[in-house]
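> In my numbering, the protein residues as written are 1 to 1078.
Encoded as structure tokens, here's the structure I'll be asking about.
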Amino acid sequence: MAKMEVKTSLLDNMIGVGDMVLLEPLNEETFINNLKKRFDHSEIYTYIGSVVISVNPYRSLPIYSPEKVEEYRNRNFYELSPHIFALSDEAYRSLRDQDKDQCILITGESGAGKTEASKLVMSYVAAVCGKGAEVNQVKEQLLQSNPVLEAFGNAKTVRNDNSSRFGKYMDIEFDFKGDPLGGVISNYLLEKSRVVKQPRGERNFHVFYQLLSGASEELLNKLKLERDFSRYNYLSLDSAKVNGVDDAANFRTVRNAMQIVGFMDHEAESVLAVVAAVLKLGNIEFKPESRVNGLDESKIKDKNELKEICELTGIDQSVLERAFSFRTVEAKQEKVSTTLNVAQAYYARDALAKNLYSRLFSWLVNRINESIKAQTKVRKKVMGVLDIYGFEIFEDNSFEQFIINYCNEKLQQIFIELTLKEEQEEYIREDIEWTHIDYFNNAIICDLIENNTNGILAMLDEECLRPGTVTDETFLEKLNQVCATHQHFESRMSKCSRFLNDTSLPHSCFRIQHYAGKVLYQVEGFVDKNNDLLYRDLSQAMWKASHTLIKSLFPEGNPAKINLKRPPTAGSQFKASVATLMKNLQTKNPNYIRCIKPNDKKAAHIFNEALVCHQIRYLGLLENVRVRRAGYAFRQAYEPCLERYKMLCKQTWPHWKGPARSGVEVLFNELEIPVEEYSFGRSKIFIRNPRTLFKLEDLRKQRLEDLATLIQKIYRGWKCRTYFLLMKKSQIVIAAWFRRYAQQKRYQQTKSSALVIQSYIRGWKARKILRELKHQKRCKEAVTTIAAYWHGTQVRREYRKFFRANAGKKIYEFTLQRIVQKYFLEMKNKMPSLSPIDKNWPSRPYLFLDSTHKELKRIFHLWRCKKYRDQFTDQQKLIYEEKLEASELFKDKKALYPSSVGQPFQGAYLEINKNPKYKKLKDAIEEKIIIAEVVNKINRANGKSTSRIFLLTNNNLLLADQKSGQIKSEVPLVDVTKVSMSSQNDGFFAVHLKEGSEAASKGDFLFSSDHLIEMATKLYRTTLSQTKQKLNIEISDEFLVQFRQDKVCVKFIQGNQKNGSVPTCKRKNNRLLEVAVP
1 MAKMEVKTSL LDNMIGVGDM VLLEPLNEET FINNLKKRFD HSEIYTYIGS VVISVNPYRS
61 LPIYSPEKVE EYRNRNFYEL SPHIFALSDE AYRSLRDQDK DQCILITGES GAGKTEASKL
121 VMSYVAAVCG KGAEVNQVKE QLLQSNPVLE AFGNAKTVRN DNSSRFGKYM DIEFDFKGDP
181 LGGVISNYLL EKSRVVKQPR GERNFHVFYQ LLSGASEELL NKLKLERDFS RYNYLSLDSA
241 KVNGVDDAAN FRTVRNAMQI VGFMDHEAES VLAVVAAVLK LGNIEFKPES RVNGLDESKI
301 KDKNELKEIC ELTGIDQSVL ERAFSFRTVE AKQEKVSTTL NVAQAYYARD ALAKNLYSRL
361 FSWLVNRINE SIKAQTKVRK KVMGVLDIYG FEIFEDNSFE QFIINYCNEK LQQIFIELTL
421 KEEQEEYIRE DIEWTHIDYF NNAIICDLIE NNTNGILAML DEECLRPGTV TDETFLEKLN
481 QVCATHQHFE SRMSKCSRFL NDTSLPHSCF RIQHYAGKVL YQVEGFVDKN NDLLYRDLSQ
541 AMWKASHTLI KSLFPEGNPA KINLKRPPTA GSQFKASVAT LMKNLQTKNP NYIRCIKPND
601 KKAAHIFNEA LVCHQIRYLG LLENVRVRRA GYAFRQAYEP CLERYKMLCK QTWPHWKGPA
661 RSGVEVLFNE LEIPVEEYSF GRSKIFIRNP RTLFKLEDLR KQRLEDLATL IQKIYRGWKC
721 RTYFLLMKKS QIVIAAWFRR YAQQKRYQQT KSSALVIQSY IRGWKARKIL RELKHQKRCK
781 EAVTTIAAYW HGTQVRREYR KFFRANAGKK IYEFTLQRIV QKYFLEMKNK MPSLSPIDKN
841 WPSRPYLFLD STHKELKRIF HLWRCKKYRD QFTDQQKLIY EEKLEASELF KDKKALYPSS
901 VGQPFQGAYL EINKNPKYKK LKDAIEEKII IAEVVNKINR ANGKSTSRIF LLTNNNLLLA
961 DQKSGQIKSE VPLVDVTKVS MSSQNDGFFA VHLKEGSEAA SKGDFLFSSD HLIEMATKLY
1021 RTTLSQTKQK LNIEISDEFL VQFRQDKVCV KFIQGNQKNG SVPTCKRKNN RLLEVAVP
């Protein structure tokens, strides 16, 4: 029986409150308690209107199966319990059906589950959109881009084993049917400082550990790497291994994902070579040296690492070594070269490593975009997925946290604006009066950071570009002067500070009052990190690399394109990126997922209320609920509202026949709900206070209980009546069946009794007849026995006379028969194996069986040889016949023969039928080709060799040009008279032709081949088959060869060869051709 589908509403079987808008009373404590209650019951998703709150469970839950996907597919947002699939489905259907571009903003701190949330969104969209080979390929490429970006952009931190150290925004493009066409990925602020230094308990980016753990030995040797993590200074060792993480398997996953996305093999190898170069950069160390002029300079301690880096990247070692020791400053037409001390050299090394890795990551993103971009130019619908770092408040907050928190301020600003805009649009659409909502506008904080005149980023850029001595302290002084009166800025020296005498606010820090709380920033490193300076000498050295990828990463190093203009700072670049992102988001319909981390231990079933409270504050969730509840807390379409509450009014129960709005009006009037508590829109009912909704739910619950009691009463009555009628009917049926059974049983007993009596009578009669027959039989047997004894006595008397005369002969024959029988039985158990080469045979037990023993051995051997031969196919028999023929012709005659025994005779060494190069040659030959091999034809004039194709058919011997395939000579087999060769270990042989024949006009042929034995054997057998005459095979170290009108002696001698073990042929005079054999 199929399982009945259960449709549940957001309000049915609620654990806590499924939508925080309905929470009563609303405060921080009840908000956290509601989250905790749902978390304890594995309900990790909660709504704030259309916003989804996701609490990381740190364990696998059975709520993402294909069945769940189908359950949430094409369903109303509030129709089922809160789930990330509901938001994904709402966004996808709005994009597909209403032609609205969507964006899904996923925020939260590290470890809150943002990356997993983005994967779930993408997997849901991939599951519900169209099918087809091309669509599936696009979906697979979009999904497989994640493992690549995670390997190069994620790392283990103290808060998360797979923390995204960059911001990612992906635009997924769809066609008019809602099928994916491609995508575009944008990345923001990769934490490249992690490449050279990691906090305690954290790791570098995953790819370094995956490469060393999962790469083959061959690849590691090629990249000049070792598997030991401790060999590399850039890798932290205290947390190199992560429990539950298989770096080797992940490396194979990344390589497979790169292949699916579209990376060519040489591109993947180039990327890994850059990763290896970054690793090895960390092993370069410097030592101080003093120059004659008193200046300090640095030298590389061990140049072996530098040499290997240069071999990997294709950079001249001296160029890179100079770039680490000197810095060239260009101003107009002047160049000034200064030496670098040890600290500056280490700074240059780390800057190069960070820039190299950061640019590689940007190249990877662009390369993935090339693969996944839409191939068609039709109008596209777009769904954006933003997975970006959440608000960060650490013990030590630096430039990175400042930039990240600035981004979150902008996201909060657009969140409030778009939420209010969405509320206002719905009120206008439903013709509900819009009331002004008071909320905190964080635009003043954004202005403090991004103002082009006196914003913090503008002043930081101005300080970085100012001539003279620029330090973090001078930057802080400037902030104290310009921002002193700002209400959201505090420092120890600012006029606005209320902590002038409080030592908790250090001199080298400033504090900003963000929307999420106050954050204290350490000013140290702001100027350097904003400059993001890479010395021009290093850029130029990288551009000179022969490694194509590395050269493309440093275009500014090209001397022909030297730009003395200072590159934009990191802050200004990020500000421009954020502005572009905000502009992009404002053109789309927003959907929000707020991720919360329940504890710092990455453990399941632990809910740290203080930690969650901190996240609720800086995510502004309570502010979000207040904005949502400022007007009407709950709204619902008239049809589902009437369907849910119609049982509360007699006029609407059980069926309302008029318009749904009229039914809701009748219902609310009947329940006497105050008019100020609700308002009627065009298509929805708006309820102001959650208490009103809960009152409706309580009334519905009570009414459902009453209805359930009524249904139970009616059902029980019907069940009892049905049961009585069934029992009555059953009693009649049972009585009828019992009476039938009783009569049948009585009949069976009577029948059985009659059969027993009959059987006894028949048995008595049978026994009587049997006794009579036995008596007659015994009488006959007695007569037969007496006659047998009498005849036996007579025979024994006669035999006794005969036996006394022949007893010895009989005993001898009997004994001999027993010995032979025993011999054959023993032979049966001692038979050797069926192998023809097995020489074993049981020993002879008796001398008189010697001839029999030998004959039996001969017969057994012949029999097992026949059994062995019967296993061969016709082709194998032919091969063995050729091998046997070769043995008879060359064994103990030709020194080359033993090496040919183990080589199978293939014949067609040139695949003429398959090679298009020889198509012309194949068409010219109509007969079956027995042998096709390239041989060296010896020139008659100088003894040099020329490559020719040697072809043997059933009737002819042909020679063809190896390059063109043109037939040079054709000799009928009847014109071949003899084949001559030496007895030594060489491949020379001469084919003698019949004098006076047309083929002999140019004389005999002298060849050299690696398959001499096979060619001579096949030529011998083919000639014998066609001419019925044996071909003469002459084996001699001297023989005559007819060259045109002259006879030349071919002589084989022993000699030391300059070119190894290859025999050489040399023309000594007109009558002698000498072959030197090693």
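Built from N, CA and C at the ideal position, the CB exists for glycine as well.
So the alpha helix (DSSP H) GLU477 belongs to, where does it begin and stop?
Counting along the chain, the alpha helix (DSSP H) containing GLU477 begins and ends at 472 to 482.
> Which word fits GLY557, buried or exposed, when buried means at least 16 other C-beta atoms lie within 10 angstroms of its C-beta?
Label assigned to GLY557: buried.
> Pull up the DSSP beta-bridge partners for GLU490, would you.
DSSP, once it has assigned bridges, lists ARG511 as partnering GLU490.
> Among SER398, GLY167, ASP447 and VAL1077, which one has its Cα closest to the Cα of GLU524?
Minimum Cα distance to GLU524 is reached at SER398.
> Report the three-state DSSP secondary structure of ILE284 (helix, strand or coil).
The answer is coil: DSSP assigns ILE284 none of H, G, I, E or B.
> Which residue's Cα is closest to the Cα of ALA155: VAL385, PHE174 and GLU202?
ALA155 has its Cα closest to that of GLU202, out of VAL385, PHE174 and GLU202.
> From the DSSP output, read off the bridge partner residues of LYS46.
Note that residue 46 is Thr in the sequence shown, not Lys. Per DSSP, ILE53.
> May I ask which residues mark the beginning and end of the beta strand (DSSP E) holding ARG948?
945 to 953 is the extent of the beta strand (DSSP E) around ARG948.
> Which of helix, strand or coil does DSSP assign to ARG1044?
Three-state result, ARG1044: coil.
> Going by the C-beta, is PHE166 closer than 6 Å to any heavy atom of the ligand MG?
Of ligands this structure carries none, so the ligand MG is not represented either.
> ARG93 to TYR78, Cα distance in whole Å?
Spanning the two alpha carbons is a distance of roughly 15 Å.
> In this structure, how does DSSP classify GLU70 when only helix, strand and coil are distinguished?
Correct three-state label for GLU70: helix.
> Given this structure, state the Cα-to-Cα distance separating HIS1079 from ALA541, to the nearest angstrom.
For the chain, the structure presents residues 1 to 1078; residue 1079 sits outside this window and is missing.
> Taking the alpha helix (DSSP H) that ALA932 falls in, what are its first and last residues?
Unbroken run through ALA932 is the beta strand (DSSP E), 929 to 938; no alpha helix (DSSP H).
> If you reduce the DSSP assignment to three classes, tell me which class VAL523 lands in.
VAL523: coil per DSSP, three-state reduction.
> In whole angstroms, what separates the C-alpha of LEU834 from that of ARG1067?
Their Cα atoms are separated by approximately 56 Å.
> Taking ASN454 as the reference, give the member of GLU433, THR485, ASN531 and GLU430 with the closest Cα.
That would be THR485, whose Cα lies nearest to the Cα of ASN454.
> Taking the straight line between their C-alpha atoms, what separation do you get for ASP502 and SER508?
Any reading at ASP502 is ruled out, since the residue's pLDDT is 48, under 50, leaving its predicted position unreliable.
> Thinking C-alpha only, which one of ILE761, SER298 and PHE174 is nearest ALA374?
If we check each option's Cα against that of ALA374, PHE174 comes out closest.
> Evaluate ASN956 with the Cβ neighbour count: other Cβ atoms within 10 Å of its Cβ, from every protein chain shown; 16 or more gives buried, anything less gives exposed.
It is buried - the Cβ of ASN956 has at least 16 other Cβ atoms within 10 Å.
> Between the alpha carbons of ASP532 and ALA570, how many angstroms are there, rounded?
Their Cα atoms are separated by approximately 6 Å.
> Rounding to the nearest angstrom, what Cα-Cα distance links THR1064 and SER945 in this structure?
C-alpha separation (whole angstroms): 10 Å.
> Could you tell me whether the Cβ atoms of VAL664 and CYS641 are closer together than 7 Å?
A contact, by the Cβ cut-off of 7 Å.
> Where GLU285 and LYS301 are concerned, what is the direct C-alpha to C-alpha distance, given to the nearest angstrom?
Their backbone Cα atoms lie some 6 Å apart in a straight line.
> Can you have a look at PHE166 and say buried or exposed, based on whether 16 or more other CB atoms are within 10 angstroms of its CB?
The residue is buried, with at least 16 neighbouring Cβ atoms inside 10 Å.
> In the DSSP assignment, find the unbroken beta strand (DSSP E) run with ALA637 in it and report its ends.
Counting along the chain, the beta strand (DSSP E) containing ALA637 begins and ends at 634 to 637.
> Which runs of the alpha helix (DSSP H), 4 residues or longer, sit entirely within the segment 546 to 594?
Complete alpha helix (DSSP H) runs here, min 4: 548 to 553 and 570 to 586.
> Would DSSP call CYS446 helix, strand or coil?
It is helical.
> For SER54 versus CYS595, is the C-beta distance shorter than 7 Å?
In contact: SER54 and CYS595 (Cβ atoms closer than 7 Å).
> What are the boundary residues of the alpha helix (DSSP H) that includes GLN1087?
One cannot answer for residue 1087 here, as it falls past the ends of the chain, which runs 1 to 1078.
> Using DSSP with H/G/I as helix, E/B as strand and the rest coil, what is GLY965?
It is coil, neither helix nor strand.
> Measuring alpha carbon to alpha carbon, tell me which of PHE680, LEU190, ASP97 and LEU87 ends up nearest VAL121.
When each option's Cα is compared against that of VAL121, the closest is LEU87.
> Under 7 Å, do GLY18 and GLY390 count as touching if we go by C-beta distance?
It is not a contact, given that the beta carbons lie outside the stated cut-off.
> Restricting to Cα atoms, I'd like to know which of MET827, LEU460, MET383 and ALA560 is closest to LYS575.
The candidate whose alpha carbon is nearest that of LYS575 is LEU460.
> In terms of residues, what are the limits of the beta strand (DSSP E) holding SER325?
Not the beta strand (DSSP E): SER325 falls in the alpha helix (DSSP H), residues 317 to 325.
> Between the segment 913 to 929 and the segment 965 to 972, can you find at least three pairs of beta-carbon atoms closer than 8 Å?
Yes, the segment 965 to 972 is in contact with the segment 913 to 929.
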